[in-house]
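Okay, structure first, notes after.
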Amino acid sequence: MRFGVVVFPGTWSDRDMRLALSGVEGAEAIPLWHKERDLQGADCVILPGGFSYGDYLRTGAIARFSPVLESVVEFAAQGGLVLGSCNGFQVLCEAGLLPGALVRNANLEFRCQWQHMVCERGDTPFTHGIHTGQVLRMPISHGEGNYVADPATLSRLEQNRQVVFRYCDSGGLVDAEANPNGSQHNIAGIVNERGNVLGMMPHPERCADADLGGLDGLRLFEAILRTPAGARGAAGSSAAPLGVA
Amino acid sequence: MSRTAGFISSWELREVALSRAEYELILKRLAQEPNQLELGMLGVLWSEHCSYKTSKPLLRRLPGRGRQVLQGPGENAGAVDVGGGWACVFKVESHNHPSAIEPYQGAATGVGGILRDVMAMGARPLALLDSLRFGPLPESRPHFEGVVAGIGGYGNCMGIPTVGGEIYFDECYAGNPLVNAMCVGVVRSKELMLARAEGTGSRLLLVGARTGRDGIHGASFASLELDGDSDERRPAVQVGNPFLEKCLLEACQELRGLGEVVAVQDLGAAGLTSSVAECAGRAKAGARIDVTRVPRRETGMSPYEVMLSESQERMLIVVRPGGEARVAKVFAKWDLEAAVIGEVTDDGQLTVTEGDSVVARLPVQLLTEGAPERNPRSQPRAQQATILNLDRLLSEPEDLGGVLVKLLGSPNLCSRLPVHRRYDTMNGAATIIPPGGDAAMVRLNGTQIGLALTLDGNGRYCQLDPFTGAQIAVCEAARNIVATGAVPIGVTDCLNFANPDRPEVYWELEQAVAGIAEACASLELPVVSGNVSLYNESEQGGAIQPTPVIGMVGVISDYRRRLTAGLRQAGDFVLLIGQTRSDIGGSEYMKVMFGQVSGSPPALDLAREQAVQGFIREAHETELLYSAHDVAEGGMLVALAESCLLGDLGVRCPALVGDGGLRLDVACFSESQSRFLISAPPRAMPNLQTLARSHRVEITLLGLAGGSELEFEGQIRVSLSELRKAWAGGLEKALQSTRE
Numbered sequence: 001m002r003f004g005v006v007v008f009p010g011t012w013s014d015r016d017m018r019l020a021l022s023g024v025e026g027a028e029a030i031p032l033w034h035k036e037r038d039l040q041g042a043d044c045v046i047l048p049g050g051f052s053y054g055d056y057l058r059t060g061a062i063a064r065f066s067p068v069l070e071s072v073v074e075f076a077a078q079g080g081l082v083l084g085s086c087n088g089f090q091v092l093c094e095a096g097l098l099p100g101a102l103v104r105n106a107n108l109e110f111r112c113q114w115q116h117m118v119c120e121r122g123d124t125p126f127t128h129g130i131h132t133g134q135v136l137r138m139p140i141s142h143g144e145g146n147y148v149a150d151p152a153t154l155s156r157l158e159q160n161r162q163v164v165f166r167y168c169d170s171g172g173l174v175d176a177e178a179n180p181n182g183s184q185h186n187i188a189g190i191v192n193e194r195g196n197v198l199g200m201m202p203h204p205e206r207c208a209d210a211d212l213g214g215l216d217g218l219r220l221f222e223a224i225l226r227t228p229a230g231a232r233g234a235a236g237s238s239a240a241p242l243g244v245a
Numbered sequence: 001m002s003r004t005a006g007f008i009s010s011w012e013l014r015e016v017a018l019s020r021a022e023y024e025l026i027l028k029r030l031a032q033e034p035n036q037l038e039l040g041m042l043g044v045l046w047s048e049h050c051s052y053k054t055s056k057p058l059l060r061r062l063p064g065r066g067r068q069v070l071q072g073p074g075e076n077a078g079a080v081d082v083g084g085g086w087a088c089v090f091k092v093e094s095h096n097h098p099s100a101i102e103p104y105q106g107a108a109t110g111v112g113g114i115l116r117d118v119m120a121m122g123a124r125p126l127a128l129l130d131s132l133r134f135g136p137l138p139e140s141r142p143h144f145e146g147v148v149a150g151i152g153g154y155g156n157c158m159g160i161p162t163v164g165g166e167i168y169f170d171e172c173y174a175g176n177p178l179v180n181a182m183c184v185g186v187v188r189s190k191e192l193m194l195a196r197a198e199g200t201g202s203r204l205l206l207v208g209a210r211t212g213r214d215g216i217h218g219a220s221f222a223s224l225e226l227d228g229d230s231d232e233r234r235p236a237v238q239v240g241n242p243f244l245e246k247c248l249l250e251a252c253q254e255l256r257g258l259g260e261v262v263a264v265q266d267l268g269a270a271g272l273t274s275s276v277a278e279c280a281g282r283a284k285a286g287a288r289i290d291v292t293r294v295p296r297r298e299t300g301m302s303p304y305e306v307m308l309s310e311s312q313e314r315m316l317i318v319v320r321p322g323g324e325a326r327v328a329k330v331f332a333k334w335d336l337e338a339a340v341i342g343e344v345t346d347d348g349q350l351t352v353t354e355g356d357s358v359v360a361r362l363p364v365q366l367l368t369e370g371a372p373e374r375n376p377r378s379q380p381r382a383q384q385a386t387i388l389n390l391d392r393l394l395s396e397p398e399d400l401g402g403v404l405v406k407l408l409g410s411p412n413l414c415s416r417l418p419v420h421r422r423y424d425t426m427n428g429a430a431t432i433i434p435p436g437g438d439a440a441m442v443r444l445n446g447t448q449i450g451l452a453l454t455l456d457g458n459g460r461y462c463q464l465d466p467f468t469g470a471q472i473a474v475c476e477a478a479r480n481i482v483a484t485g486a487v488p489i490g491v492t493d494c495l496n497f498a499n500p501d502r503p504e505v506y507w508e509l510e511q512a513v514a515g516i517a518e519a520c521a522s523l524e525l526p527v528v529s530g531n532v533s534l535y536n537e538s539e540q541g542g543a544i545q546p547t548p549v550i551g552m553v554g555v556i557s558d559y560r561r562r563l564t565a566g567l568r569q570a571g572d573f574v575l576l577i578g579q580t581r582s583d584i585g586g587s588e589y590m591k592v593m594f595g596q597v598s599g600s601p602p603a604l605d606l607a608r609e610q611a612v613q614g615f616i617r618e619a620h621e622t623e624l625l626y627s628a629h630d631v632a633e634g635g636m637l638v639a640l641a642e643s644c645l646l647g648d649l650g651v652r653c654p655a656l657v658g659d660g661g662l663r664l665d666v667a668c669f670s671e672s673q674s675r676f677l678i679s680a681p682p683r684a685m686p687n688l689q690t691l692a693r694s695h696r697v698e699i700t701l702l703g704l705a706g707g708s709e710l711e712f713e714g715q716i717r718v719s720l721s722e723l724r725k726a727w728a729g730g731l732e733k734a735l736q737s738t739r740e
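Here the protein sequences come in this chain order: A and B. 1 is the number of the first residue of the first sequence in the numbering used here; add one for each residue after it. 1 is the number of the first residue of the second sequence in the numbering used here; add one for each residue after it.
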């Protein structure tokens, strides 16, 4: 399976992402340059972390206008799998592929730390094999990961069960104390209604190797690999909506 | 540009930071009087910051050679062979003065500058470390907050993890904080680049940011004391753009393998003047550049401003004729400008033109090597009382557990997590030991090689005795490395001192360099790069303590065999290696509990140090150890508490008996050197004892790991949660203490 890892100027998780994927059986990772429209046959597009275009203006605000993103939007519309982590999540929100926005952490500080989060959807293409209610541990590293949306959007997200990950403590308790950045409803990651676009602040590529402190990130990549090709929509097929009931 | 022959005002000289004697020398060396631009160029290159004219005679004493040294001092950074065909490139540099008046940008551009030094060697930066010193909190909070945010702002955006360093607070740094940034990178040894402008006719390409008016005279500013007018020098502080530097980094990586590239040189202090002169000087060549071809951010800039600008995020690339287009294409991919601004010549002159007219022409060697070495007067500081009679001075506290809690919560000993978590510590998927232990460790992805990294100093010890204090800095850095299971292989040093024109300050510098030299020679450690920062004085804090800071790199051939500081499992033996004596002078215990900084710093015996480090290394090689931790500031009890907290495991010990009638508080908090705290499975004990005997080091069983308390029977009993609360919350408490 081919993963296309998008590289904007200022992106930095692309190398770690490709390194993590190189350890996953059956995965091939290729860089996708921001100036190119060709997704080179990628089955899954990853928007990695970093400071795309310096995050000037707003995080992710300029990346959405890049040529590669036009293709990503099209790809997502066809049901292709898109995973945005950290800055990638911010870009997905700016591009309108996911609702809401990520603003400055409530504590006004950059936060890099291991963070627990509970998986509330074990049935998306990104989380197959992870039980609903299972607590994962992944690194976060951001200054602007505070998820906000208007009340209507938030209740729609909850109603549709689009919240995939929520910050929690080691025991799975979701409360203000376990929230590292002030995100509404402790949101760490969401999918679109169709279920083929996931945005998350944590970094799965930083926990795909036991020597780095954890393996929970690997579960996401393995889940994507397990998704049947017919459900990925990479070839432009109009795949059936996934996961979201 | 003309001037009445032979006359120059003191004001003009001060503006370019030249002494009258230096000016006279310039007149002698040149056929004619220098014009204003030439004088400015000489001024910046002859500044202490660029020429090291005061410290150079001393720095020659440092051992720079060694079996593993690939590049010693004199280049953008030093390099050592770490095995597997890989070179580790590293250097530490100060950005003290800019951080004093503009903490965020000063610190940020300090990080940006040291990154470019490593990039210029052809390496990819792997990790950053920072040694920071501020005045006491909460008063110094603006410095502290600005510097920490600046380091994070630059490093995080660049995607280079900040994995270690140190933070200390002392009154002497109140107006003159110290910000020393160290960068470590890796490159295949055969792809190591040297910044030598070789090949007459080679083209000089200026790449990266455009040149503006920022930072003019930054190098000269760094060579003056801070005073009430320093705020007016704020324009001499540059503004950083880490996004641009990230693009520059990636473009420089793509230069690798392009045969056309002769050399890469960072533009740092003294900007274009320094980088062109140094690059040409190393190759004994000349250079000719045309200022009209330098891309500018502002209009109407004079040649003087272009040549002296310290605009950030610029690099000079030396390219064989005909290779310009290929190199420019790499930068264009990253939307960066690359302008041909001149070429290498064989006349040994740095010629600056504005279009066709020559505006400056100076011998390269006069610029880079011409500054006369200074040999200021040296005079020992009045001797401190060397022996502290503790019993007469201080009564022994009854509640040692309470003292431990207080020490662990004190600003210099408490957890740095609140700072570390503001830095991206994990980027690069290489951080194997995160900050918070003895040394950090990063691995070389694709290999099993681990690099242990530390940055260490102790101004208080050096204040009491600069020679011993500097030796301790080297030995402690080495202990930090050894505690991770790695072998120390190279040193970079940052020498932060006050005004060396005062005889006692120059004496401190002399003593500290001698101490570093002796300790490095004894431990067989080459000093491959470094930086000197003088004139660190302010109206607020006076002269800083002599503060040599030691950056050290160690190697472990298989990072999976690393050791960490935290206790591992219940039932393990917890042991103290080395001897505890009454080394209470300059200790945190004396400072925190009694407000005293006096006496002698801990004694240091280099033979003993070698023995103890040798013991730890051999014990680790024979797989006898579960954990190891350097016993440093705060002494044995603080080290023990840290090992408990890092391992989240208590320890139960029988009553402690001080060796040779030591007072119990001294046994707990003495900062005797050459000690480690280790844990090991009980079955390893006989072998450890045999090994200790053969290395002639003391081994003392303290107790057993386990439970959730730190206990010495009948003497001390504190719960880990109480210790953790003090330790974890110490920094926040110090920051907030105005509100009390």
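All residues carry an ideal CB built from backbone N, CA and C; glycine is no exception. None of the values given here were measured: they were computed from a predicted structure.
I need the straight-line Cα distance from residue i to residue j, nearest angstrom please.
| i | j | result |
| --- | --- | --- |
| L308 (chain B) | R61 (chain B) | 32 Å |
| P435 (chain B) | V148 (chain B) | 15 Å |
| Q40 (chain A) | L47 (chain A) | 15 Å |
| T345 (chain B) | A280 (chain B) | 9 Å |
| V505 (chain B) | L366 (chain B) | 28 Å |
| Q743 (chain B) | G485 (chain B) | Look at the range of chain B in this structure, 1 to 740, and you will see that residue 743 (chain B) is not part of it. |
| R67 (chain B) | A87 (chain B) | 13 Å |
| H274 (chain A) | V528 (chain B) | Given a span of 1 to 245 for chain A in the structure shown, any question on residue 274 (chain A) remains unanswerable. |
Could you check what DSSP says for residue i in three-state terms: helix, strand or coil?
| i | result |
| --- | --- |
| M426 (chain B) | coil |
| G585 (chain B) | coil |
| G485 (chain B) | coil |
| P349 (chain B) | Inspection of the sequence shows that residue 349 (chain B) is occupied by Gln rather than by Pro. Reduced to three states, the DSSP call for Q349 (chain B) is strand. |
| T59 (chain A) | coil |
| R282 (chain B) | helix |
| T454 (chain B) | strand |
| C86 (chain A) | coil |
| K733 (chain B) | helix |
Need the endpoints of the alpha helix (DSSP H) that residue i sits in, please.
| i | result |
| --- | --- |
| P136 (chain B) | Element bounds for P136 (chain B): n/a, residue is neither H nor E. |
| R14 (chain B) | S10 to E15 |
Where does the unbroken beta strand (DSSP E) through residue i begin, and where does it stop?
| i | result |
| --- | --- |
| M138 (chain A) | V135 to H142 |
| P548 (chain B) | T547 to I556 |
| V112 (chain A) | Looking at the sequence shown, residue 112 (chain A) is not Val but Cys. Note, C112 (chain A): beta strand (DSSP E), R111 to C119. |
| M201 (chain A) | Taken as a continuous stretch (DSSP letters only), M201 (chain A) belongs to no beta strand (DSSP E), as it is neither H nor E. |
Within the 7 Å Cβ cut-off, does residue i reach chain B?
| i | result |
| --- | --- |
| R18 (chain A) | no |
| S141 (chain A) | yes |
| V207 (chain A) | Residue identity check: residue 207 (chain A) is Cys in the sequence provided, not Val. No, its Cβ sits nowhere closer than 7 Å to a Cβ of chain B. |
| F89 (chain A) | no |
| E193 (chain A) | no |
| R111 (chain A) | yes |
Using a beta-carbon distance below 7 Å, is residue i in contact with chain A?
| i | result |
| --- | --- |
| M426 (chain B) | yes |
| R422 (chain B) | yes |
| G215 (chain B) | no |
| G159 (chain B) | yes |
Handout entry: Length at least 3, wholly inside the stretch 658-722 of chain B: the beta strand (DSSP E) runs in chain order
Key = 676-680, 699-705, 709-712 and 716-719
Problem - Every unbroken alpha helix (DSSP H) inside the stretch 301-332 of chain B [4 residues or more] - result: With a minimum length of 4 residues, the continuous alpha helix (DSSP H) runs that stay inside the stretch 301-332 of chain B are 303-308.
Handout entry: alpha helix (DSSP H) segments (min. 4 residues) lying fully within the stretch 123-202 of chain B
Key = 141-158
Handout entry: Sequence ranges, beta strand (DSSP E) only - wholly within the stretch 458-505 of chain B, length at least 3
Key = 487-496
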